[in-house]
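Structure first, commentary second.
Numbering (the numbering used here), first residue to last: 174 to 744.
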């Protein structure tokens, strides 16, 4: 009986071992489509037993003595890095694609088309300066152009705010993941405390969370001897055993724009971002979108200044009875080309001519005004000096207002206009302007011109059929007409550069994403070769374990038959 008892032990151990092996194969097959699952396998080992009759010691059967998770820590780290790079590149590409679509460059209402129409209508006005319909068309297109530039800027600002919101959402999500990783650390350490158990489902869940976290923020993972992992952002800990720090965002004003900065919630320190969607958000917002805002503002600034430089030195069907400069100075006694004056546009040493006409007699008084801005002798022209010089022109009064603007008034029955401004001061001050504003946020048609289209300065002389000044504005569309405010480009050429550089950046972002995606796919394939479940392999193993189990069952059956025969002999 004792002999059969040892044999029964061998069969029993085989049934238990292969039943467990079948369960492991079933677990692998059940998780075939689970992307976070790491394939498991069991190690079969012979049991040591005492000697049998004849002195042989074949053993006491078999056992499944170890469960193994097929993971490669190096591949997992590479996959996290590749996933973070891909997520960052994708975020940048999506933002640039959205930005590119805002420009609507394939429609008739894009800024390029409106700009071309605007200058062409000035060319039309040149041939018919007295035609009211031509003047109205110029003003209507100018309004549309200014509104389109404003809408474009507002759209970019809205996209900046959308990215701020995305940064807040991602930070909150990353914090939730960090807390769950810390909780899993504690559970894994507790479950594996006996030194033999492996908390495979918990580890699978944690590995999946680490990959998800790496797609938000670039992390470094260090596994401890206890089985817990510490997670770092840069060199700063995010998770240590069962303690997790959380991320938050702080809205700050930078250059008048609200920006959400990512910080650690506990001490407010900044978070180092070098990969993941948060890095993509910051790159898209702070490099590309803010760069676009700067270039769009500069485009509008150049458009305003260059058009106003010409418009301010012409005359409409009537002159001005009074004028107030749009732009104030900080100090009326400061030289007009200094920071102390604070004008938004440049002015330089030169002259301009002021004309005062008696509307009753047609008599015109002409005076040249000297603008001394050479920085020599300490007598450079200030706003107070300019007001004094203009006030000395017969028929004019001029003063500095309480808010430091230039006020010019023609006497009763007189009107005033200007020509030949080599200093650019009239445009810098915003005197007799066509456009108001200083950038893409506030560019608009001058209210003075809008209220009286006759003031549209199409003429250089005031003669009825003289459209020379409108022709000068029309030539601004020519690429040969460069602007110092636009890096030596023409107005149209500078805007083409904005659109062209955006297209190049978008194409590069797409290339970067495709490259990052290819790297990720390659590393993922390597990870799957190690950790992934192969259905064919598992099926073969299942059949092998099934055959072994059936063999063990038959062996038990034989033993049972022998045991019955032995009992019959003894009865």
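Glycine included, each C-beta is placed from N, C-alpha and C at the ideal position.
The structure displayed is predicted, hence computed values, not measured ones.
As a quick exercise: from 670, 360, 712, 303, pick the residue whose alpha carbon is nearest that of residue 196. The option with the nearest alpha carbon to residue 196 is 712.
Under DSSP, the alpha helix (DSSP H) around residue 337 begins and ends at which residues? Annotation: the continuous alpha helix (DSSP H) that includes residue 337 extends over 305-364.
So, with DSSP's three-state summary, where would you put residue 421? If DSSP states are grouped into helix, strand and coil, residue 421 belongs with the strands.
Coarse secondary structure for residue 524, derived from DSSP in three states: In this structure, residue 524 counts as strand in the three-state DSSP scheme.
Any contact between the segment 661-671 and the segment 512-529? By contact I mean 3 or more CB pairs, one from each, below 8 Å. Result no; under three Cβ-Cβ pairs closer than 8 Å.
For residue 400 and residue 668, I'd like the C-alpha separation in whole angstroms. Computed Cα separation, rounded: 58 Å.
Secondary structure, beta strand (DSSP E): runs of 3+ residues fully inside the segment 380-431: Taken in chain order, the unbroken stretches of beta strand (DSSP E) that lie wholly in the segment 380-431 and span 3 residues or more are 393-396, 402-406, 409-413, 420-427.
Do the CB positions of residue 600 and residue 697 come within less than 8 Å of each other? No, Cβ-Cβ distance for residue 600 and residue 697 is not below 8 Å.
Unbroken alpha helix (DSSP H) run spanning residue 696, endpoints: Unbroken alpha helix (DSSP H) run through residue 696: 664-704.
Look up residue 588 in the DSSP assignment and say whether it is helix, strand or coil. Reduced to three states, the DSSP call for residue 588 is strand.
What residues match up with residue 493 in a beta bridge as DSSP calls it? Answer by DSSP bridge pairing, in chain order: 589.
Span of the beta strand (DSSP E) around residue 572: Counting along the chain, the beta strand (DSSP E) containing residue 572 begins and ends at 569-573.
Which class does residue 543 belong to by DSSP, given the choice of helix, strand or coil? Strand, per DSSP.
Would you call the CB atoms of residue 420 and residue 355 closer than 8 Å? Contact flag unset, no.
Helix, strand or coil at residue 727 [DSSP, three-state]: The answer is helix: DSSP assigns residue 727 an H, G or I state.
Assuming the contact rule is C-beta atoms closer than 8 Å, residue 613 and residue 469 should be a hit. Round their C-beta distance to whole Å, please. Between residue 613 and residue 469 a beta carbon distance of about 5 Å is seen, short of the 8 Å cut, so the two are scored as contacting.
In this structure, how does DSSP classify residue 204 when only helix, strand and coil are distinguished? It is coil, neither helix nor strand.
Using the C-alpha atoms, what's the distance from residue 729 back to residue 742? Rounded to whole angstroms, residue 742 to residue 729 spans 20 Å at the Cα level.
Beta-carbon proximity of residue 436 to residue 422, cut-off 8 Å: Yes. Within cutoff.
Can you find at least 3 beta carbon pairs, one from the segment 640-648 and one from the segment 298-313, that sit closer than 8 Å? Yes: the two stretches touch, three or more of their Cβ pairs being nearer than 8 Å.
Report the rounded CA-to-CA distance for residue 340 versus residue 582, giving the unit in angstroms. Taking the straight line from one Cα to the other gives about 54 Å.
Residue nearest to residue 249 in terms of C-alpha spacing, selected from 325, 376, 193: Ranking 325, 376, 193 by Cα distance to residue 249 puts 376 first.
If you draw a straight line from the alpha carbon of residue 556 to that of residue 579, how long is it in whole angstroms? If you take the alpha carbons of residue 556 and residue 579, they lie about 7 Å apart.
Mind checking residue 505: buried by the 16 CB within 10 Å criterion, or exposed? Buried, since its Cβ has 16 or more Cβ neighbours within 10 Å.
Go ahead and label residue 682 buried or exposed: buried means 16 or more other beta carbons lie within 10 angstroms of its beta carbon, across all protein chains shown. Counting the other Cβ atoms within 10 Å of the Cβ of residue 682 gives 16 or more, which makes it buried.
Within a Cβ cutoff of 7 Å, which residues of the same chain sit near residue 765, ignoring the five residues on either side of it in sequence? Nothing can be reported for residue 765: it is not among the residues displayed for the chain, which extend from 174 to 744.
Can you list the alpha helix (DSSP H) stretches of 4 or more residues lying completely in the segment 613-645, in chain order? Fully enclosed alpha helix (DSSP H) runs of 4 or longer: 620-624.
State the start and end residues of the unbroken beta strand (DSSP E) segment that holds residue 242. 234-242 is the span of the beta strand (DSSP E), which, as asked, contains residue 242.
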